[in-house]
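Going by the numbering used here, the first residue of the sequence shown is number 67, and it counts up by one from there.
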Amino acid sequence: MPRLRDGTASLHIPPGSAGPDVEHGSGLVVPLEVATSYRARTRGLLGRDHVEGALLLTPASSVHTFRMRFPVDVAYLDRQLTVLAVRTMRPWRLGAPRVRSRHVLEATAGAMRLWGLRPGVRVEIRS
67 MPRLRDGTAS LHIPPGSAGP DVEHGSGLVV PLEVATSYRA RTRGLLGRDH
117 VEGALLLTPA SSVHTFRMRF PVDVAYLDRQ LTVLAVRTMR PWRLGAPRVR
167 SRHVLEATAG AMRLWGLRPG VRVEIRS
């Protein structure tokens, strides 16, 4: 994985991983915000009403949804960007830490199911 900094990038989801409702033969590209600094990771999605695409928190092994305004999907990723687990979290919840997780991906609730993100899927991040 390339060295990331706070800013924007794109999340590339491999072809064939989407659910039956979505066709993306050459893969799916999702806009991505990257939060690598302590300040950006702490702020995360707080104070927002939605997220365009997804937010990557790195390094991170757990998240919370205290003071959030909307439910989110959370995907825990290992060092190779392979999805370890996907959970939907309502506001005011504390997520359990994942031992092998090095990155956390957040998106609006329901988005990850549509994108086909599930345990075992390996994603790419491109600047």
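Positions of the beta carbon are idealized from the N, C-alpha and C atoms, including for glycine.
- For residue 69, the secondary structure class from DSSP, reduced to helix, strand or coil, is coil.
- Between residue 93 and residue 183, the alpha-carbon positions lie close to 12 Å from each other.
- Look at residue 105 here: in three-state DSSP terms it is helix.
- Put simply, the backbone Cα of residue 190 is about 10 Å away from that of residue 95.
- Fully enclosed alpha helix (DSSP H) runs of no fewer than 4 residues occupy 104 to 109 of the stretch 88 to 174, in order along the chain.
- Secondary structure at residue 183: coil, using DSSP grouped into helix, strand and coil.
- For residue 192, the enclosing beta strand (DSSP E) covers residues 190 to 192.
- Of the other Cβ atoms in all chains shown, 16 or more fall within 10 Å of the Cβ of residue 177; this residue is therefore buried.
- Under the 10 Å beta carbon count, residue 167 is surrounded by 16 or more other beta carbons and is classified as buried.
- Distance from the CA of residue 98 to the CA of residue 120, rounded to the nearest whole angstrom, comes to 5 Å.
- According to the DSSP secondary-structure assignment, residue 177 is paired through a beta bridge with no residue.
- A contact between stretches requires three or more CB pairs, one per stretch, nearer than 8 Å, and the stretch 127 to 141 meets this requirement with the stretch 100 to 113.
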